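Please read the structure below before turning to the comments.
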Amino acid sequence: MDFFPIPSPQKIADFGLEEFLKIIDRNSKPYRELMAFYKCACMEVETKFRVLDEQLSLEKEHNPIESIKTRIKSPESIAYKMRSHGLKPDIKVLEENIFDIAGVRVICSFPEDIYFLEDCLLKQDDIKLIERKDYIKEPKESGYRSLHLIVEVPIFLKNEKRPMKVEVQLRTIAMDFWASLEHKMRYKKNINKEVLSELSGMLLYCADQSAALDLEMQQIRNLIEEN
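Take any residue in the sequence shown, count from 1 to its spot, add 7: that is its number in my numbering.
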């Protein structure tokens, strides 16, 4: 599973990524070891959210988390990003400059749950916030909405404690549904410019309608809880 689109064959050809991928040997011990560390970091963050969800289901009588997905960025996506950023194909450079290799996506029922879970996560003393981008309050031009966090979390290995960076995406069911369909439609082949322009307008309208529905459902939830 990959949260991010794998570059098209045309883009790979443009950047000469086939040769680039040979330099970052996915079968080498350093690469496999680093990816294993990122997988452990994903598990650490996922566990934190599952513990929070269990506790909050008892305290608030509802589970704020609908689902949790994790992924490790594919070698193709890593190579594409490093090449497009002009980075040297080196494992150390990779770890120090690419912060979204490990990803955890948390799907919530309501927008309020997103910020509540963010606050709960960042209060934990072993979590360090590196970067924050709020595409809910300030959506992308396409209509995309989600809260993105880059956090640093320690993983405990046999003989060491190692800090690892993980990207956390928090979004509602409606935001996730829209983003999934938007990705599928935008990456269809042979779409002419006129259709693509019309498609962009329709997707933006749907994004706005989804956001309005999120707020209405949240108001209904709040009224139920108040009474």
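Even for Gly, the Cβ is constructed at its ideal location relative to N, Cα and C. Model, not experiment: these values are computed from the prediction.
In this structure, the beta-carbon distance from Asp-221 to Ala-186 does not fall below 9 Å. The three-state secondary structure of Gln-131, taken from DSSP, is coil.
The secondary-structure analysis by DSSP pairs Thr-179 across a beta bridge with Cys-115.
Using a Cβ distance threshold of 9 Å, Glu-174 and Ala-86 do not count as a contacting pair.
When the five nearest sequence neighbours on each side are left out, the beta carbons in the same chain lying within less than 8 Å of the beta carbon of Phe-106 are those of Ile-137, Glu-138, Ile-157, Lys-172 and Glu-174, in order along the chain.
For Phe-106, there is no enclosing beta strand (DSSP E), as DSSP marks it with neither H nor E. Nearest neighbour of Ser-74 by Cα position, chosen from Leu-177, Arg-169 and Lys-130, turns out to be Leu-177. The shortest CA-to-CA distance from Gln-62 to any of Cys-127, Ser-81 and Tyr-45 is the one to Cys-127.
Under DSSP, the beta-bridge partners assigned to Gly-110 are Arg-78 and Glu-174. Looking only at Ser-64, Phe-117 and Leu-206, the smallest Cα-Cα distance to Ala-219 is reached by Phe-117. According to the DSSP assignment, Ile-198 belongs to no alpha helix (DSSP H), since it is labelled neither H nor E. With distances taken between CA atoms, Asp-215 lies nearest to Ser-149 out of Val-202, Ser-149, Asn-166 and Tyr-122.
Shown here, Leu-94 sits in coil according to DSSP, grouped into three states, outside any helix or strand.
Beta-bridge partners assigned by DSSP to Lys-168: Phe-163. A Cβ-Cβ contact shorter than 9 Å links Gln-225 with Glu-119.
In the three-state reduction of the DSSP assignment, Arg-139 falls in the strand class.
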